[in-house]
Amino acid sequence: MNIKNICCIGAGYVGGPTMAVIAQKCPHIKVTVVDLNEARIQAWNDLDLSKLPVYEPGLDAVVSEARGRNLFFSTEVDKAIEEAEMIFISVNTPTKTYGVGKGMAADLKYIELCARQIARVAKTDKIVVEKSTLPVRTASAIKEILDHTGNGVNFQILSNPEFLAEGTAIADLFAPDRVLIGGDTTTEGQHAIQALVDVYANWVPKERILTTNVWSSELSKLTANAFLAQRVSSINALSELCEKTGADVNEVARAIGMDSRIGPKFLKASVGFGGSCFQKDILNLVYIAKSYGLHEVADYWEQVIIMNDHQKRRFAKNIIKTLYNTVSGKKIAFLGWAFKKDTNDTRESAAIYVADDLLSEQASISVFDPKVEATQILFDLNYLETRSESDNKNGVQVAVDPYEACHNAHAIAVLTEWDAFKTYDWQKIYDNMLKPAFVFDGRNVLNGEELERIGFVYQGIGS
Ligand code: NAD
Ligand code: UGA
């Protein structure tokens, strides 16, 4: 089947950039990205490209090339579904916050709503593509809804999980390590797979496009995130041992990473991984394993999360201990709030949990992040419901520049590895801080020796 019209439901961190790249690389396909959130769609259509709802290096150029040509952002969901031969579902699949599986299982209500809407609207055959990260076997639920509530048209379900990382989304989409497409083993299923292969083949080398059955594809996504997060928790576990023994975690990471079987990537010790997916996807994996009675499997993966929570907590505890066992009334400057550099996304950022612990000890926090707005920072803290919104507001200031954030501070905590942090005038920052001036580098991003020469008391992770 020759695809001429694609619709994507969900204009978020995945739907927006992914569809922008498909549109840019396939000028012969009309791509319409739809969302219920009007403000988000408006932002995607903003002529001022700095107002796009997602910050990703290179995204503005891709959007400006394709938007209005063959890339459209709209709230008219039904119309876009009707027009398209291929529909991507790219809505959020957060951890359930209620009922059975609360705190572990993926909440699939948005997925089900999409399936019901597609079934109601579709008057011609459609290929429905799972782009969201989903529990293994979700495709069968989607198929059931489509087949039982539809208008008698044929649906093929594909799983095409997305592996982009935020901050490098455009580079990842331009040159993916692999594109994974899972589909039915029937002839119709194989045709649907081929239609999606043909879309990606416009820019992805064929040998990097992998096709599997649906269940392998769905499970591979959860597995990839679990393995990646496991590496971070593994090196973070060792960082604590390094601190006790005089070993340096950066040196250990380098030494083991040169073993080609281990590899050098994803071995950076940190204040803990964040982001919208690692925790959610591992909890989901744990839940699925438990639901099949595989308790050892579940416990094994759950430990990755337990370790990560510990890493965030011990970072905050160490600040309190080092500042003579009290931070009450002390100003602590946070450099960074996003969960990693080069993104404005703060979901599950370690910064939120470290701030929460310090606020409970009555610290006064001053935050500077180059891309995160004050409203988001307060939203993140209020979401935890640890204290009243007015207490959060009183405890946190958001600074317009790093020098203001650090002025008269007792300590600086680096929570995100923004490159710009390395280029600051650290002498000026030191001169304007209370002494002793502490730096807790949760990302090992600053030059500790240089800071110590200036007079700072510097502590990185794992050394
Ligand atoms: P997001 O919250 O940024 O975007 C989801 C969008 O879907 C929202 O704008 C929401 O309004 C919209 N939406 C929800 N229900 C809808 C409906 N019924 N109709 C129309 N729009 C609807 O989420 P995201 O970060 O883009 O993640 C989406 C999925 O992709 C998740 O399953 C996630 O696990 C997966 N994923 C995310 C990343 C990432 O880096 N963020 C990477 C790979 C995979
Ligand atoms: C991750 C995966 O890398 C993507 O392949 C996947 O598509 C995505 O999740 C998803 O499913 O959402 P992302 O969360 O955007 O991407 O960013 P990562 O680069 O994986 O970083 C995740 C967290 O781990 C960040 O907080 C980062 O700072 C931390 N991290 C990463 C470390 O602490 N150390 C490392 O060595 C690597």
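As numbered in numbering that gives the first Met the number 0, residues 0 to 462 make up the sequence shown, in order.
We put the CB at the ideal spot given by N, CA and C, even for glycine.
Query	Result
Exposure label - Phe272; buried when at least 16 CB within 10 Å	buried
Tyr12 Cβ short of 7 Å to ligand 1 heavy atom set	yes
Check: Lys89 C-beta below 7 Å from any heavy atom of ligand 1	Checking the displayed sequence, the identity of residue 89 turns out to be Ser instead of Lys. Within the cutoff, so yes.
Three-state class that DSSP yields for Tyr457 in the structure shown	strand
Three CB pairs or more closer than 8 Å across the region 296-310 and the region 223-230	yes
Three-state secondary structure (DSSP) of Val90	coil
Residues near Ala404 by beta carbon distance below 6 Å, same chain, minus five either side	Ala332, Ser365, Phe367 and Ala398
Buried or exposed by the 16-neighbour rule on C-beta atoms within 10 Å, applied to Asp400	exposed
Test item: CB-CB of Val203 and Leu157 under 8 Å	no
Leu218 to Asn235 span [Cα, whole Å]	26 Å
Outcome for His294 when other beta-carbon atoms lying within 10 angstroms are tallied against a minimum of 16	exposed
Distance, Lys311 Cα to Ala349 Cα	6 Å
Check: Ser275 C-beta below 7 Å from any heavy atom of ligand 2	yes
Status (buried if at least 16 other CB within 10 Å, exposed otherwise) for Lys3	exposed
First through last residue of the alpha helix (DSSP H) which encompasses Cys7	That residue, Cys7, is in no alpha helix (DSSP H); its beta strand (DSSP E) goes Asn4 to Ile8.
Boundaries (first-last residue) of the beta strand (DSSP E) holding Val125	Just to set this straight, residue 125 is Lys in the shown sequence, not Val. Counting along the chain, the beta strand (DSSP E) containing Lys125 begins and ends at Lys125 to Glu129.
Nearest candidate by alpha-carbon position, reference Asp280, set Leu266, Thr132, Ala200 and Leu358	Thr132
Through-space distance from Val198 to Lys330, alpha-carbon basis	53 Å
Coil, strand or helix - Arg452 by DSSP	helix
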